[in-house]
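K.L.:
Take the sequence shown: its position 269, counted from the start at 1, is 267 in the working numbering, and no numbers get skipped.
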Amino acid sequence: MVRETLCKAKEAKNDEFYTQYHDIEREVEAYLEYDPNVFQGKTVLLPCDDPEWSNFTRYFAQNFERLGLKKLISTSYAPESKKYKGGYQLTLFETESPLYDADKTKTHGKIFILDEDINGDGRFNINDLKWQYLEGDGDFRSREIRKLRDEADFIVTNPPFSLFREFLKWIVEANKKFLIIGNQNAITYKEVFPLIKDNRVWLGITMDSSNRWFQLPDNYENYHKIENGKKFAFVAGPLWYTNIEHGRRHQPLQLMTMADNLKYSKHKEIKGKTSYDHYDNYDAIEVPKVDAIPSDYGGVMGVPISFLRKYCPEQYEILGATESEGKGFSNGLWNERSQTSQALINGVRIYKRLFIRKKQ
Ligand SMILES: C[S@@+](CC[C@H](N)C(=O)[O-])C[C@H]1O[C@@H](n2cnc3c(N)ncnc32)[C@H](O)[C@@H]1O
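#1: Please indicate yes or no: does the CB of P158 lie closer than 6 Å to some heavy atom of ligand 1?
#2: For ligand 1, I want to know if Y16 counts as a neighbour, meaning its beta carbon is within less than 6 Å of at least one of the ligand's heavy atoms.
#3: Got a sec: does ligand 1 put a non-hydrogen atom nearer than 6 Å to the Cβ of S80?
#4: Just to confirm, does D101 get its C-beta within under 6 Å of one of the non-hydrogen atoms of ligand 1?
#5: Give me whichever residues DSSP pairs with K228 in a beta bridge.
#6: Could you tell me the alpha carbon to alpha carbon distance between G330 and H276, rounded to whole angstroms?
#7: Inspect the CB distances between the stretch 33 to 41 and the stretch 181 to 190 and report whether three or more fall short of 8 Å.
#8: Taking D21 and P158 to be in contact with their CB atoms under 8 Å, please state how far apart those CB atoms are, rounded to whole angstroms.
#9: Would you list, in sequence order, the uninterrupted beta strand (DSSP E) runs of no fewer than 3 residues that lie entirely inside the stretch 100 to 187?
#10: Who are the near neighbours of I124 in its chain, counting only those whose CB is closer than 7 Å to its CB and skipping five residues on each side?
#11: Got a sec, what are the start and stop residues for the beta strand (DSSP E) L342 sits in?
#12: Note down the Cα distance separating W168 from I178, rounded to an integer number of angstroms.
#13: Please find out if some non-hydrogen atom of ligand 1 comes closer than 6 Å to the beta-carbon of F165.
#14: Tell me, which residues are paired with Q213 by DSSP?
#15: Per DSSP, which residues does S72 bridge with? Please list them.
#16: Do E27 and G202 have their beta-carbon atoms positioned less than 7 Å apart in this structure?
#17: Just verifying my parser: in three-state terms, what is the DSSP assignment at V346?
#18: Just to confirm, is the Cβ distance from N359 to L214 under 7 Å?
#19: Does DSSP classify Q252 as helix, strand or coil?
#20: Just curious, the alpha helix (DSSP H) that F54 is in, first and last residue?
#21: Whose C-beta lies closer than 7 Å to the C-beta of K357 among residues of the same chain, with five residues either side of it excluded?
#22: Is T105 near ligand 1, with its Cβ less than 6 Å from a heavy atom?
#23: For Y218 and K271, I'd like the C-alpha separation in whole angstroms.
#24: Does DSSP put P77 in a helix, a strand or coil?
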């Protein structure tokens, strides 16, 4: 019980981790490199943001013209609805506005819209954002925000950690393009893995699940560093999840043959052996490192989850995963009814694996 409460408290705090400008810029620019017109004439919704100071809002507002956007919508969640109550700070932007309402600010979300040159300076940018309080608290599940979702072409944000599954489902059911941040553990969630397997969701480009700095509300007590007066946490395992096309996922992995791997591999688990290990409980070979995938092997292979960062759907198909929740891989097939399972070699458990097979 105590553990559960602690976990919930941790999740609530993780919900208030804010993404840095350069992390957003690097990722979005990579999609533009692949298709400079990807956002041309489109409406982008940034839900789950505090638009006065969200870097998502800043990036998309500052680059509105260059991206060719039609409309930018950014919404925030009411402070009293948030799980972590202490993080809210009123900004001068709000308190000095004629729209400021001391009651509404606690219980209502806000909406910021950019779709016209309101100050008439001939440019569309951050100075043209207009705002008002939402009718409700800005919960992405509310009817009000669902309507904004339905109007949007793209949903971009770092959603609350504790609601990642629900948030992804909310996007996918509306069939929207998206770019969101989640933890790498989400890969094997039962709501996520089938989408990855079916190439409806893939990983983005610039985060590789190594730790990243996220900004914290000023009054957080647990932080890892302070820089320019701002508090930061070093967060483990963040990744971009998306369904926007990018170039990296169409670059096949350059690999050696099985014979060459066994002879020359830089990995001691492979070099000098006569063959790759075979699982006790799956008809598949164990490939402990992504760069040791044998290029000429046509059967099923178990590979580390980090394979997904290199995954090219024209080169390999994904068949299943061990330790994925609820559904599993058995008898060579992705099976709705098979149990969550571990891969074993000589009775020893092998950490999470994806099962892949070379495409013909
Ligand atoms: C991880 S933070 C990220 C904020 C911002 N997207 C960023 O990256 O800088 C997630 C935000 O979503 C808010 N949030 C939590 N539950 C929500 C809900 N049900 N609907 C909308 N926003 C929510 C949190 O309060 C928090 O401000």
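We put the beta carbon where it would ideally sit given N, CA and C, even for glycine. The model shown is predicted, which means the values in this text are computed figures rather than measured ones.
P.N.:
The structure says:
#1: Checking the Cβ of P158 against ligand 1 gives yes.
#2: For ligand 1, at least one heavy atom lies less than 6 Å from the Cβ of Y16.
#3: For the record, residue 80 in the displayed sequence is Lys; it is not Ser. With a cutoff of 6 Å, K80 counts as near ligand 1, since its C-beta is closer than that to a heavy atom of the ligand.
#4: Result no, Cβ not under 6 Å from ligand 1.
#5: Among the bridge pairs identified by DSSP, K228 is matched with E225.
#6: With a pLDDT of 48 at G330, under the threshold of 50, the predicted position of this residue should be treated as unreliable, and no value is reported.
#7: In short, these stretches do not touch, since the Cβ pair count stays below three.
#8: Not really, about 17 Å apart at Cβ, beyond 8 Å.
#9: Runs of the beta strand (DSSP E) inside the stretch 100 to 187: 108 to 112, 128 to 131, 152 to 155 and 175 to 181.
#10: If we look at I124 and ignore the five residues flanking it on each side, its Cβ neighbours are R56, A59 and Q60.
#11: Where L342 is concerned, the enclosing beta strand (DSSP E) stretches over A341 to I343.
#12: W168 and I178 have their C-alpha atoms some 12 Å from each other.
#13: Every heavy atom of ligand 1 is 6 Å or more from the Cβ of F165, so no.
#14: Paired residue(s): Y16 and F230.
#15: Per DSSP, L44 and F110.
#16: Taking 7 Å as the Cβ cut-off, G202 and E27 do not qualify as a contacting pair.
#17: DSSP places V346 in strand when its eight states are reduced to three.
#18: A query on residue 359 cannot be resolved here, the shown segment of the chain reaching from -1 to 358 and no further.
#19: Three-state DSSP puts Q252 in coil, outside helix and strand.
#20: Taken as a continuous stretch (DSSP letters only), the alpha helix (DSSP H) holding F54 covers N53 to Q60.
#21: Excluding positions up to five away in sequence, the list reads E312, Q313, Y314 and E315.
#22: For ligand 1, not one heavy atom lies less than 6 Å from the Cβ of T105.
#23: Computed Cα separation, rounded: 52 Å.
#24: Helix, per DSSP.
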